[in-house]
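Contents: one structure, followed by commentary.
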Amino acid sequence: MAEAHSVLGEQVRMPVEIRHADACSALFLTDARAAGALLTGTGLEPFTLLGRAVLSLAFVRYVDGDLGPYHEFAFSLMAKQAGRKGSTGAYIHWLPVNQSFTCEAGQSIWGFPKLMADIDITPVRGGHRCEVREDGKLVLALRISNGIPMPGGAGGASIDAYTHRNGILRRTPWVMNPAQVSGRPGGAHIELGDHPVSDRLRALGLPKPALFSSRIGALRMTFDDAATVLQTREVR
Numbered sequence: 066m067a068e069a070h071s072v073l074g075e076q077v078r079m080p081v082e083i084r085h086a087d088a089c090s091a092l093f094l095t096d097a098r099a100a101g102a103l104l105t106g107t108g109l110e111p112f113t114l115l116g117r118a119v120l121s122l123a124f125v126r127y128v129d130g131d132l133g134p135y136h137e138f139a140f141s142l143m144a145k146q147a148g149r150k151g152s153t154g155a156y157i158h159w160l161p162v163n164q165s166f167t168c169e170a171g172q173s174i175w176g177f178p179k180l181m182a183d184i185d186i187t188p189v190r191g192g193h194r195c196e197v198r199e200d201g202k203l204v205l206a207l208r209i210s211n212g213i214p215m216p217g218g219a220g221g222a223s224i225d226a227y228t229h230r231n232g233i234l235r236r237t238p239w240v241m242n243p244a245q246v247s248g249r250p251g252g253a254h255i256e257l258g259d260h261p262v263s264d265r266l267r268a269l270g271l272p273k274p275a276l277f278s279s280r281i282g283a284l285r286m287t288f289d290d291a292a293t294v295l296q297t298r299e300v301r
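Basically our numbering = 1-based index in the sequence shown + 65.
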């Protein structure tokens, strides 16, 4: 029988399935030293490309899935375990959502840094825009322009997600099945507000042009249970 977790009086069974979502994302090459500072104490180090760290900003509209409908914004860095080949994954640094059930599930099951925020995702002329506010304060707004159709949906793509919470580094298997994929070089415009997360993005060198941006019009995903990689300090 599949592993089950109790979340706010409901049972969540593994793997969690997302049957329909759509997503926009942008990749940036950023300051490796600043990225390393964000990873301090996690047991991870930045994955670098041409001497630069790789930052991903993404917004997702979950339409049908085991955790219900919600909006999400993801601030992540490509990272790896020092000295371990094949350990590259996405370290999730900040993951606001706009619904309480998925917030609690993300924290308690996987250790995701989920928190409640106002997340407004809207189609705009020539693309899509996401605005994130916490306690009424603007954190950021990200606009992704339309790209050209790209191959997608021919099979699943797997990447592991790293999280660090309460002194524990966890790794979660994450499988994506994308369709209706489009992309282009650049194609992202970011506005930063007055918030600690805004300042972390500034320290990484944003706002700046994106390396690449993309949209997935139809996305299916599965998340399995998290595995503990490392306990980085005593948990009390």
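Idealized CB from N, CA, C, for every residue including glycine.
C-alpha gap between residue i and residue j, whole angstroms
i: Tyr127; j: Thr187; result: 14 Å
i: Ile233; j: Ala144; result: 16 Å
i: Gln296; j: Gly282; result: 38 Å
i: His205; j: Leu142; result: Position check: residue 205 holds Leu in this sequence, whereas His was assumed. Each residue's Cα considered, the two are about 17 Å apart.
i: Pro272; j: Gln245; result: 28 Å
i: Val119; j: Arg149; result: 18 Å
i: Phe124; j: Ala88; result: 6 Å
i: Pro250; j: Leu122; result: 15 Å
i: Ala155; j: Gly191; result: 28 Å
i: Val262; j: Trp159; result: 8 Å
Residue i in three-state terms, based on DSSP
i: Pro261; result: helix
i: Leu132; result: coil
i: Ala69; result: strand
i: Gly101; result: helix
i: Gln164; result: coil
i: Gly248; result: strand
i: Arg149; result: coil
i: Gly108; result: coil
i: Leu142; result: strand
Burial state of residue i (16 or more Cβ within 10 Å)
i: Glu68; result: exposed
i: Ala139; result: buried
i: Asp225; result: buried
i: Arg98; result: exposed
i: Gln76; result: exposed
i: Arg84; result: exposed
i: Ile213; result: exposed
i: Gly74; result: exposed
i: Thr107; result: buried
i: Gly130; result: buried
Nearest-angstrom beta carbon gap, residue j and residue i [assumed within contact, 8 Å]
i: Ile184; j: His136; result: 4 Å
i: Ala275; j: Phe93; result: 5 Å
i: Arg198; j: Asn242; result: Contact doesn't hold; Cβ gap of about 31 Å is too wide.
Cβ-Cβ distance between residue i and residue j below 9 Å
i: Val72; j: Phe177; result: no
i: Pro134; j: Asp289; result: no
i: Arg194; j: Leu207; result: yes
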